[in-house]
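Engineer:
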Ligand SMILES: Nc1ncnc2c1ncn2[C@@H]1O[C@H](COP(=O)(O)OP(=O)(O)OP(=O)(O)O)[C@@H](O)[C@H]1O
Ligand SMILES: [Mg+2]
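Residue numbers (the numbering used here): 297 to 525.
1. Do residue 521 and residue 475 have their C-beta atoms closer together than 8 angstroms?
2. Threshold first: 4 residues or longer. Then list the alpha helix (DSSP H) segments lying entirely within the segment 367-403, N to C.
3. Where does the unbroken alpha helix (DSSP H) through residue 328 begin, and where does it stop?
4. Just to confirm my understanding: we take residue 461, look at its own chain, exclude 5 residues before and 5 after, and list those with CB closer than 7 angstroms. What are they?
5. Thinking C-alpha only, which one of 484, 337 and 407 is nearest residue 506?
6. So which residues put a beta carbon under 6 angstroms from any heavy atom of ligand 1, going in chain order?
7. Classify residue 341: buried if its beta carbon has 16 or more other beta carbons within 10 angstroms, exposed otherwise.
8. Contact check, residue 360 vs residue 367 under 8 angstroms by CB: the rounded distance?
9. Can we say the segment 319-334 touches the segment 374-393, given the rule of at least three CB pairs closer than 8 angstroms?
10. Would you call the CB atoms of residue 516 and residue 323 closer than 8 angstroms?
11. Buried or exposed: residue 432, going by 16 or more other Cβ atoms within 10 Å of its Cβ?
12. Identify whether residue 490 lies in helix, strand or coil by the three-state DSSP scheme.
13. Pop quiz: residue 437 and residue 395 are said to be a contact at Cβ under 8 angstroms. What is the actual Cβ separation, rounded to whole angstroms?
14. Per the DSSP calculation, residue 513 is bridged to which residue(s)?
15. Three-state secondary structure (DSSP) at residue 427?
16. May I ask you to check if the CB of residue 502 is nearer than 7 angstroms to at least one heavy atom of ligand 2?
17. Rounded to a whole number of angstroms, what is the C-alpha to C-alpha distance between residue 459 and residue 316?
18. Measuring CA to CA, which of 302, 344 and 335 is closest to residue 308?
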């Protein structure tokens, strides 16, 4: 099977004044096309830092990252942003919707960079929201939606450009148990349809729904194993 993510010897050091904080200390792993993985580990172990690098939101201090066969190490910021828009959808714990925009407008945002007309953007965003069961909430602003509905808007936004890779950092962290199950069911279905997904979570029941768990501890991967599905 083709490899989606190939990461070798990745380190990340933050500079805080005089202080160097070494957060990732040599990360190696790969994710195949179509995989469904969970990244677990204690608070501060470097999960979000790693996700930001995988998502092309940040760069490693050293090491190599090959995404779908393309070496990202040598790309400039614009090229990296293009890759991000083309390949990656993000889902965050706090939804990260723009409060002044409606659900429809939030979902239309990622298509600003794609070369599509406003009519097409409205059509695609409407369709993405319909798939999330939100056809009657298109014109609601985030504060007029429940947490679960807001996360479904965020997932619609993540999916509207048909990304090959979806990265979710604690997608159920701000949701109650029932809503959390609904969101995981949506992500699981998405994976069944072929999208590669990586989820950061503290919740073992969330992780158990994926097919492989990567455990991080203090900036390194200590364990990665299939969970028999
Ligand atoms: N921009 C930054 N500048 C300096 N230090 C940072 C920065 N971002 C993260 N860190 C530090 O890196 C370490 C790892 O942070 P990270 O957010 O990756 O952890 P995490 O595993 O996602 O934790 P949590 O489970 O709490 O979300 C922490 O000690 C944090 O303080
Ligand atoms: Mg985090």
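We put the beta carbon where it would ideally sit given N, CA and C, even for glycine.
Predicted model only: the values in this text are computed from it and were never measured.
Structural biologist: Answer, in terms of the structure:
1. As a position in the chain shown, residue 521 is number 225, starting the count at 1. As a position in the chain shown, residue 475 is number 179, starting the count at 1. Not in contact: residue 521 and residue 475 (Cβ atoms no closer than 8 angstroms).
2. Counting whole runs of 4 or more residues, the segment 367-403 contains the alpha helix (DSSP H) stretches 373-383.
3. Translated into positions along the chain shown, residue 328 becomes position 32. Note, residue 328: premise wrong, no alpha helix (DSSP H); beta strand (DSSP E) at 315-328.
4. Within the chain shown, the letter at position 165 stands for residue 461. Apart from sequence neighbours up to five positions away, the residues of its chain that approach residue 461 with a beta-carbon distance below 7 angstroms are 300, 383, 384 and 492, ordered along the chain.
5. Looking up residue 506 in the chain shown gives position 210. Ranking the options by Cα distance to residue 506, first place goes to 484.
6. Taking each Cβ in turn, the ones that pass are 310, 312, 317, 319, 337, 339, 340, 341, 342, 343, 344 and 345.
7. By 1-based counting over the chain shown, the position of residue 341 is 45. In this structure residue 341 is buried. Its beta-carbon is surrounded by 16 or more other beta-carbon atoms within 10 angstroms.
8. What you label residue 360 is simply residue 64 of the chain shown in a count that begins at 1. What you label residue 367 is simply residue 71 of the chain shown in a count that begins at 1. About 7 angstroms separates the two Cβ atoms, so the contact holds.
9. The segment 319-334 and the segment 374-393 do not touch, with fewer than 3 CB-CB distances between them shorter than 8 angstroms.
10. In the chain shown, the residue the question calls residue 516 occupies position 220. In the chain shown, the residue the question calls residue 323 occupies position 27. Yes, Cβ-Cβ distance for residue 516 and residue 323 is below 8 angstroms.
11. The sequence position of residue 432 within the chain shown is 136, counting from 1. Result: exposed.
12. Here residue 490 refers to the residue found at position 194 when the chain shown is read from its first residue. In this structure, residue 490 counts as coil in the three-state DSSP scheme.
13. Against the chain shown, residue 437 aligns to sequence position 141. Against the chain shown, residue 395 aligns to sequence position 99. Correct: roughly 7 angstroms between the Cβ atoms.
14. Position 217 of the chain shown, counted from the first residue, corresponds to residue 513. According to DSSP, which records beta bridges pairwise, residue 513 is partnered with 516.
15. Translated into positions along the chain shown, residue 427 becomes position 131. The answer is helix: DSSP assigns residue 427 an H, G or I state.
16. To locate residue 502, count along the chain shown from 1; it is residue 206. Checking the Cβ of residue 502 against ligand 2 gives no.
17. What you label residue 459 is simply residue 163 of the chain shown in a count that begins at 1. What you label residue 316 is simply residue 20 of the chain shown in a count that begins at 1. Rounded to the nearest angstrom, the two C-alpha atoms are 35 angstroms apart.
18. On the chain shown, residue 308 is found 12 positions in, with the first residue counted as 1. Scanning 302, 344 and 335 for the CA closest to the CA of residue 308 turns up 344.
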